[in-house]
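Residue numbers (the UniProt record's numbering), protein chains in the order written: chain L, 1 to 548; chain C, 1 to 548. Built from N, CA and C at the ideal position, the CB exists for glycine as well. Let me begin by presenting the structure, written as structure tokens, before commenting on it.
Number of protein chains: 2
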Amino acid sequence: MALRFAHPAPEAYAYPLLIRHLLHSALDARSGQEIVGSDGRRHGYEALSQRVGRLAAVLAQHGVEPGDVVAVMDWDSHRYLEAYFAVPMMGAVLQTVNVRLSRDQIAYTLNDTRPRALIVHADFVAELEALRTALPDDCVVITCHDGTTAVVANSLGDYEALLASGSDTYDFVDFDENALATTFHTTGTTGLPKAVTFSHRQLVLHTLAVGLAMGQQPCEQGLWRGSVYMPVTPMFHVHAWGLPYVATLLGLKQVYPGRYVPARLLALKRDEGVTYSHCVPTILQMILDEVGPDARLGPWTVIIGGSALPESLLRAAAAVGITAVAGYGMSETGPVLTLSRHEDDDARPPEQVRRWAGRPIPLVQVHLQHENGDNVSDESGAQGEVVVRAPWLAQTYPNSAEAGAALWSGGWLHTQDVATREAAGDLVIRDRLKDVIKTGGEWVSSAEIEDLALRDPDIAEAAVVGAPDPRWGERPVVFAVAREGRTPRLQTLKDHMTPLVAAGQLSRWAAPDRLILIDALPRTSVGKIDKKALRLRLGDDVLDSRSF
Amino acid sequence: MALRFAHPAPEAYAYPLLIRHLLHSALDARSGQEIVGSDGRRHGYEALSQRVGRLAAVLAQHGVEPGDVVAVMDWDSHRYLEAYFAVPMMGAVLQTVNVRLSRDQIAYTLNDTRPRALIVHADFVAELEALRTALPDDCVVITCHDGTTAVVANSLGDYEALLASGSDTYDFVDFDENALATTFHTTGTTGLPKAVTFSHRQLVLHTLAVGLAMGQQPCEQGLWRGSVYMPVTPMFHVHAWGLPYVATLLGLKQVYPGRYVPARLLALKRDEGVTYSHCVPTILQMILDEVGPDARLGPWTVIIGGSALPESLLRAAAAVGITAVAGYGMSETGPVLTLSRHEDDDARPPEQVRRWAGRPIPLVQVHLQHENGDNVSDESGAQGEVVVRAPWLAQTYPNSAEAGAALWSGGWLHTQDVATREAAGDLVIRDRLKDVIKTGGEWVSSAEIEDLALRDPDIAEAAVVGAPDPRWGERPVVFAVAREGRTPRLQTLKDHMTPLVAAGQLSRWAAPDRLILIDALPRTSVGKIDKKALRLRLGDDVLDSRSF
Numbered sequence: 001m002a003l004r005f006a007h008p009a010p011e012a013y014a015y016p017l018l019i020r021h022l023l024h025s026a027l028d029a030r031s032g033q034e035i036v037g038s039d040g041r042r043h044g045y046e047a048l049s050q051r052v053g054r055l056a057a058v059l060a061q062h063g064v065e066p067g068d069v070v071a072v073m074d075w076d077s078h079r080y081l082e083a084y085f086a087v088p089m090m091g092a093v094l095q096t097v098n099v100r101l102s103r104d105q106i107a108y109t110l111n112d113t114r115p116r117a118l119i120v121h122a123d124f125v126a127e128l129e130a131l132r133t134a135l136p137d138d139c140v141v142i143t144c145h146d147g148t149t150a151v152v153a154n155s156l157g158d159y160e161a162l163l164a165s166g167s168d169t170y171d172f173v174d175f176d177e178n179a180l181a182t183t184f185h186t187t188g189t190t191g192l193p194k195a196v197t198f199s200h201r202q203l204v205l206h207t208l209a210v211g212l213a214m215g216q217q218p219c220e221q222g223l224w225r226g227s228v229y230m231p232v233t234p235m236f237h238v239h240a241w242g243l244p245y246v247a248t249l250l251g252l253k254q255v256y257p258g259r260y261v262p263a264r265l266l267a268l269k270r271d272e273g274v275t276y277s278h279c280v281p282t283i284l285q286m287i288l289d290e291v292g293p294d295a296r297l298g299p300w301t302v303i304i305g306g307s308a309l310p311e312s313l314l315r316a317a318a319a320v321g322i323t324a325v326a327g328y329g330m331s332e333t334g335p336v337l338t339l340s341r342h343e344d345d346d347a348r349p350p351e352q353v354r355r356w357a358g359r360p361i362p363l364v365q366v367h368l369q370h371e372n373g374d375n376v377s378d379e380s381g382a383q384g385e386v387v388v389r390a391p392w393l394a395q396t397y398p399n400s401a402e403a404g405a406a407l408w409s410g411g412w413l414h415t416q417d418v419a420t421r422e423a424a425g426d427l428v429i430r431d432r433l434k435d436v437i438k439t440g441g442e443w444v445s446s447a448e449i450e451d452l453a454l455r456d457p458d459i460a461e462a463a464v465v466g467a468p469d470p471r472w473g474e475r476p477v478v479f480a481v482a483r484e485g486r487t488p489r490l491q492t493l494k495d496h497m498t499p500l501v502a503a504g505q506l507s508r509w510a511a512p513d514r515l516i517l518i519d520a521l522p523r524t525s526v527g528k529i530d531k532k533a534l535r536l537r538l539g540d541d542v543l544d545s546r547s548f
Numbered sequence: 001m002a003l004r005f006a007h008p009a010p011e012a013y014a015y016p017l018l019i020r021h022l023l024h025s026a027l028d029a030r031s032g033q034e035i036v037g038s039d040g041r042r043h044g045y046e047a048l049s050q051r052v053g054r055l056a057a058v059l060a061q062h063g064v065e066p067g068d069v070v071a072v073m074d075w076d077s078h079r080y081l082e083a084y085f086a087v088p089m090m091g092a093v094l095q096t097v098n099v100r101l102s103r104d105q106i107a108y109t110l111n112d113t114r115p116r117a118l119i120v121h122a123d124f125v126a127e128l129e130a131l132r133t134a135l136p137d138d139c140v141v142i143t144c145h146d147g148t149t150a151v152v153a154n155s156l157g158d159y160e161a162l163l164a165s166g167s168d169t170y171d172f173v174d175f176d177e178n179a180l181a182t183t184f185h186t187t188g189t190t191g192l193p194k195a196v197t198f199s200h201r202q203l204v205l206h207t208l209a210v211g212l213a214m215g216q217q218p219c220e221q222g223l224w225r226g227s228v229y230m231p232v233t234p235m236f237h238v239h240a241w242g243l244p245y246v247a248t249l250l251g252l253k254q255v256y257p258g259r260y261v262p263a264r265l266l267a268l269k270r271d272e273g274v275t276y277s278h279c280v281p282t283i284l285q286m287i288l289d290e291v292g293p294d295a296r297l298g299p300w301t302v303i304i305g306g307s308a309l310p311e312s313l314l315r316a317a318a319a320v321g322i323t324a325v326a327g328y329g330m331s332e333t334g335p336v337l338t339l340s341r342h343e344d345d346d347a348r349p350p351e352q353v354r355r356w357a358g359r360p361i362p363l364v365q366v367h368l369q370h371e372n373g374d375n376v377s378d379e380s381g382a383q384g385e386v387v388v389r390a391p392w393l394a395q396t397y398p399n400s401a402e403a404g405a406a407l408w409s410g411g412w413l414h415t416q417d418v419a420t421r422e423a424a425g426d427l428v429i430r431d432r433l434k435d436v437i438k439t440g441g442e443w444v445s446s447a448e449i450e451d452l453a454l455r456d457p458d459i460a461e462a463a464v465v466g467a468p469d470p471r472w473g474e475r476p477v478v479f480a481v482a483r484e485g486r487t488p489r490l491q492t493l494k495d496h497m498t499p500l501v502a503a504g505q506l507s508r509w510a511a512p513d514r515l516i517l518i519d520a521l522p523r524t525s526v527g528k529i530d531k532k533a534l535r536l537r538l539g540d541d542v543l544d545s546r547s548f
């Protein structure tokens, strides 16, 4: 029998895993649901598909070709969803620019990718003028807004006007499923922001596995075809954790809130019947602050990532009817690796709930490793670095082969998070190997703050760590050794930082909250500053490190 | 920027889509659930993984190499589940032998694949002696049983004894995801049974999409991690519609019933808390006959495929708490293409429920085509052949390149089923292309005439086929089984149709020319009416094609 050697039929369709298929199969299933736009517009999936075609036609008309980068600086909008599809579907690469970075960092990322087109919200037009020098000369600019407008020199025009005048058809063709679809920069590593990239195949597989995992949850908290989805994690942040692709594949009703304003989020939640969202703990806290403890918001499942979910927040959310489900992952992992199983909450000690990451979603393999690369024993309590495999992990840092090699040392992606695994299979994040601070869902480099602290003539030595913070997840704290005869002061440090923030050279989240004087910095046996010992002084033996 | 040209890190794991990953990720998620075997044994997922390793070790020890075929003739058992994993995971090809075929047909299929090993249940040992000549001389035989035993000449021994004595470790390695994983023969085509094959990639993607679709159903009928799964579709039948792979990936409790005995199925359902199954309408009817109308079996979601779901059966199932969900597909399609949305039932006319196939599951694209390959218009009621694309469709018939080319004519897989699409997106199967009667240039649905014939109180069963006609091309002929003591008459049938024709509800070409009385309708091995046999009586050799 020629089983093994049979050639496919000449016209057999091999079906590459392309983002276009996520959209087409939603259309074929005729969801009948609506996309509610950030500007109040609402339209069905047929219109979504037409708008995706029109966006591609506009971009192509203005010179965007397969392989080119198209950058977006926008709030969470229907436009962003359209770019999630149109740009990769035409073979171009979507760059999701982190608009919360400092101006210099944004310029760095744009200079790194050399976009051929930029779609920019009116709110960032002031930045844009300063960013022009970072953009290639032939980069076309499309502006957009949700009611406000701004005049932009040398812009092609307004997004909606261009779509309205654009061609109604764009002939999307198939190509290799390993073609790049998206790129963005992660600041969750040491040094300069690093680009990561994801292919069509990776994003399609992430979509399937995340949708499958979310559909497996108990019915009152699971994602199903009656769910109404609203992102409350920025769409520049690791594809809003992949959910816009999942929601589109499943043909769900989707609600795009624009810039996050707690009152508006709550109005949309109520008026549009939102039942499924995701956000970082800081945003969940803001929402809870807005409504007060007597509100009734359920049913509303909110996936919480970005940093650990404090038990108090979990309880406060539950009290108003929100089911908070913890997730874990990072930029390099697409991002979802694990999801918690919510019904287990009350069975476990608060200390664990706080750092609890859940169990691997389908196709994810997780090992805990010793420093020498051996797996830790399987018994409960054994601690090791979380190393993972999944079909959607960044395969390198394109501009840093060395960092890419370290990321994949031994054939497993190194998260640099330290965890234990409970008997039931849940990961509990215990510590972080990498030296970065996560505040309000954004990474801040401790090295950068240390550099600035060392410019203070009163400071001889400095080390910065993140201190747990109920609102922000973490806040930077400076441990400083004084120069002889001098007395370092927090305010001096902050005064020094203010102009840098104003000039866009430093994130406004980087200004430290506390300065702690210390006689000498603790050091490890090899002479490195022992940040774990510093964290212990802050009354917590763990840093929490989750990146997605 | 070197985005497009970045090489993966040297040790980056590309993660081929292999069946081994379905098992490994279940283990990583620590389901804590059990597999309940057909012999009463029960064990967890760790033990499943060990047994899969031992089975591979036994097969390898006895000469099975990558690329070899390992055939299985068994009822629905824990052993079959182990073979679903062990055989493909070692790079060999699992042949799921349809034990309901005639001995000659089974011999044909074994002779076609030349297996290197055969795992055979004691119940088929009598067949085996006659099948020996069809097996290669070096084919090793492993016997198994669920309490009974049988002496088999030249057998390696008993499955459980071999596993117990086998090596505890087998080093499964990665290979190309396009490697073949499974094969079986479909009889749903013209001519001799044809082998179809599925690759690792295809099965992994089918698993993800089916699990995703089933998880999206409303909570009382959806598949979730608390579901308890029991197959009631033979595991030789298109991988039991893929559910054993889905159940394993999700770490569900699984119950394997062995040979189907209605009382035993019901006892397992009750004692093990089964909530999720699948079967053909005939089996569902047997189960309902066994319990009587006052039973309470819910919650029990049962996916119904294989043939259309009669409205009466849907209602009878609902009355005892079974949620019957229609599925559609065929052997060549892995098999699942569509699933119905149960809550819509009551909104649609009974005539439609009967043939209703639901909506495409994720990644499936469905078009309805005219004979010339054009898509039919999108308006409700337009009828065309269902042609599909999905990432898991058989790419050819390995032993019949010509039939494979016809299957994929124009780049879409031709199901040979004729359907309409409702505004809400549901496919309604109207007929089979081979089973559609073309008379005077017009298509007439044999199913529609059958429906009318069954309203005749003299007729117990009816089947309609097209008879070649020199003037009209084809003319409908009714084969009818009389109710006891009655005599069906052609004129009665025609009289019944006349007002419907006058009212425009029936084509005037639909009135049959002949009524042939028959003692019983011929049926295929899976219980479908064998229209090929009926046509043969009229001098035609066309077969019927819808297999899942």
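- Secondary structure at residue 306(C): coil, using DSSP grouped into helix, strand and coil.
- In the same chain as residue 206(C), and ignoring 5 residues on each side of it, the C-beta atoms closer than 6 Å to its own belong to 242, 334 and 392, in chain order.
- Only residues of its own chain outside the window of five on either side were considered, and among them 177, 200, 201, 204 and 205 have a CB closer than 7 Å to the CB of residue 17(C), listed in chain order.
- Secondary structure at residue 42(C): strand, using DSSP grouped into helix, strand and coil.
- Only 67 and 69 from the segment 67 to 86 of chain L bring a Cβ to less than 9 Å from some Cβ of chain C.
- Note that the C-beta distance between residue 54(L) and residue 166(L) is below 8 Å.
- DSSP places residue 442(L) inside the beta strand (DSSP E), whose first and last residues are 442 to 445.
- Of the other Cβ atoms in all chains shown, 16 or more fall within 10 Å of the Cβ of residue 98(L); this residue is therefore buried.
- In the DSSP assignment, residue 461(L) falls outside any alpha helix (DSSP H) and lies within the beta strand (DSSP E) extending over 459 to 469.
- Using a CB distance below 9 Å, no part of the segment 264 to 292 of chain L faces chain C.
- The alpha-carbon of residue 370(C) is positioned some 25 Å away from that of residue 535(C).
- Annotation: the continuous beta strand (DSSP E) that includes residue 69(C) extends over 69 to 73.
- Around the beta carbon of residue 523(C), fewer than 16 other beta carbons lie within 10 angstroms, which makes this residue exposed.
- Here residue 75(L) has 38, 121, 258 and 259 as same chain residues with Cβ atoms under 7 Å from its own Cβ, once five neighbours each way along the sequence are excluded.
- According to the DSSP secondary-structure assignment, residue 258(C) is paired through a beta bridge with 76(C).
- Contact annotation: residue 232(C) and residue 279(C) have beta-carbon atoms nearer than 8 Å.
- Its Cα nearest to that of residue 338(L), the residue 303(L) stands out among 316(L), 313(L), 303(L) and 310(L).
- For residue 428(L), the three-state secondary structure derived from DSSP is strand.
- Contact between the segment 353 to 368 of chain L and the segment 439 to 447 of chain L is absent, with fewer than three C-beta pairs closer than 8 Å.
- Separation of residue 458(L) and residue 479(L) (C-alpha to C-alpha, rounded to the nearest whole angstrom) is 13 Å.
- Here residue 514(C) carries a strand assignment [DSSP, helix/strand/coil].
- The beta carbon of residue 117(C) sits no closer than 8 Å to any beta carbon of chain L.
- Between the segment 98 to 111 of chain L and the segment 80 to 89 of chain L, the count of Cβ pairs shorter than 8 Å is below three; the stretches do not touch.
- Relative to residue 40(L), the option among 467(L), 256(L) and 416(L) whose CA is nearest is 256(L).
- Listed as beta-bridge partners of residue 35(L) by DSSP are 43(L) and 254(L).
- Under the three-state reduction of DSSP, residue 361(C) is assigned to coil, being neither helix nor strand.
- Note on geometry: alpha-carbon atoms of residue 473(L) and residue 329(L) lie some 16 Å from one another.
- The C-alpha of residue 322(C) is placed about 6 Å away from the C-alpha of residue 301(C).
- In summary, residue 277(L) is buried, with 16 or more beta-carbon neighbours lying within 10 Å of its beta-carbon over all protein chains present.
- Contact residues of the segment 2 to 17 of chain C toward chain L are 2, 3, 4, 5, 6, 7, 8, 9, 10, 11, 12, 13, 14, 15, 16 and 17 (C-beta to C-beta distance below 9 Å).
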